[in-house]
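Structure first, then comments.
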Ligand code: GDD
Ligand code: MG
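This is the structure:
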C-alpha cells in the first residue's frame, strides 16, 4: 500500500524553532517527528511513502534516508513553491507505485501524533466502497481545525475549515484514505487547499466521503505547547508510538548529555544530545534540542529550547520558546508565550513578557 505524507508547510506557529529546520524534523521524544509517522505507517502495512515537501526540502533525505530504517521505501517530492494541501496530494500521484485506480492511498498531515488504527480505517474504507475516508476526533474547541459534520450513517455532509462558528465538535484529524483515482480529480499544477476546496467540492458533487471516528490519543504538534506536550506524553507513556519503545519515565536524557546529580529533570522532559544541565537547575515538562546549556539553578518549565542555546544561572522560563544559539543571561525571567529569536543575546536580569 502507498501513503503520502504532506510535509511542506512553513511551521510558522513553531517559530523560531522552524527558522532553521522543518517542523516535521523537530525532535519529539528524542526522534525526528516524522519517524513516529513512518514507523506507524509501516506497522499498518504501508510499503511505500511519498513525502511531499517544500519548505527546507533538502533537509529530509539526510535524516530519513531511503526508508529502509523503517521497513518501507521513501520517495521525496519537492514543490518549488508550496502547492497547498490539495495541490501536494495531487502532485504526489505521479510518484505512487503503479497500482489499480481503485487502490486505497493513505494520506497523512505530517504533524499529527495519533494512536488511531490506520489499518482499521483502511479496512472500513474498503468495506464501505467509499471515495474518501476522514479520520475524525472530537475536541473541546474545533475552531483552529477543520470542522466536519456527519449523518447517522457516518457519511460526511459538511466540511468547514477553521470556522469561527463550528457546527460540530468533530474535527478532521488529518489522516485520509483516498481511492487513488479520486486524487487525480484535483486540478494539477496549481495551489489547492484540500480542506477549503477539494472536500467541500466533493461533497457538492455527491462523492462518498465517510467518517472514521476513533478517539485514540491525538495531537497536532504544530504549536510549541503541543510539540512539548507530545514529546512529554510519549516519554511518560501517556501517548504511544511504535517508534518509542522505552518504558514510561519521568525523563529522557540522551547518552551524550551531561546532567549534574543535583539537577532535577522531570515531567517527561527530553535532554538532547550534547546538552548540559548544571547543579540546582530544574527542567520540568520541557524539550531541549542538542547542545543546549542550562546553568546552575535555572528553572525551565513547559518550554522548548533550540540547538546550542544557553540559559544563564538562576533564570526562570515558563512556556517559552528559545531559538537556536540564543543566549539568555543570568537571573532573567521569561514569561509564558515569549519567543526568543535564534542567536538573540538577552542581558542578565532581563524580564520579558509576551506582547
Ligand atoms: N507539501 C505541502 N505543500 N505540504 C503542505 C502545504 C503545501 O503547500 N501546506 C501545508 N502542508 C502540510 C503541513 O506541513 C502539515 O503537515 C499539513 O500539511 C497540514 O498543514 P498545517 O498548516 O499543519 O494545517 P493545520 O494544522 O492548520 O490544519 C490541518 O490539520 C488539522 C488537524 O491537525 C487541516 O487539515 C485541518 O482540517 C485539520 O483539522
Ligand atoms: Mg497542523
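Residue numbers (this note's numbering): 87 to 441.
Ideal placement from N, C-alpha and C gives every residue a C-beta, glycine not left out.
I want to check one thing, is the minimum distance from the CB of residue i to the heavy atoms of the ligand MG below 8 Å?
i: residue 177; result: no
i: residue 306; result: yes
i: residue 232; result: no
i: residue 258; result: no
i: residue 435; result: no
i: residue 197; result: yes
Quick one: what does DSSP say residue i is sitting in, helix, strand or coil?
i: residue 176; result: helix
i: residue 256; result: strand
i: residue 183; result: coil
i: residue 127; result: helix
i: residue 168; result: coil
i: residue 438; result: strand
i: residue 420; result: strand
i: residue 244; result: strand
i: residue 327; result: strand
Pull up the distance between the alpha-carbon of residue i and that of residue j, whole angstroms please.
i: residue 289; j: residue 229; result: 21 Å
i: residue 130; j: residue 160; result: 15 Å
i: residue 249; j: residue 282; result: 11 Å
i: residue 165; j: residue 138; result: 7 Å
i: residue 219; j: residue 299; result: 10 Å
i: residue 209; j: residue 135; result: 19 Å
i: residue 333; j: residue 276; result: 46 Å
i: residue 287; j: residue 244; result: 10 Å
i: residue 188; j: residue 251; result: 36 Å
i: residue 112; j: residue 184; result: 32 Å
Going by the DSSP bridge assignment, what does residue i pair with across the sheet?
i: residue 76; result: No answer is possible for residue 76: it lies beyond the span of the chain, which begins at 87 and ends at 441.
i: residue 118; result: 113
i: residue 373; result: 356, 390
Going by the C-beta, is residue i closer than 8 Å to any heavy atom of the ligand GDD?
i: residue 169; result: yes
i: residue 280; result: yes
i: residue 173; result: yes
i: residue 109; result: yes
i: residue 297; result: no
i: residue 97; result: yes
i: residue 287; result: no
Using C-beta distances below 8 Å, list every residue in its chain close to residue i, excluding the 5 sequence neighbours before and after it, in chain order.
i: residue 312; result: 305, 306
Can you name, in chain order, every residue of its own chain whose Cβ lies under 6 Å from the Cβ of residue i, other than the five neighbours on each side?
i: residue 337; result: 351, 355
i: residue 370; result: 352, 353, 387
Given residue i, which residues of its chain have a CB within under 7 Å of its CB, disregarding the five upstream and five downstream residues?
i: residue 128; result: 156, 157, 158
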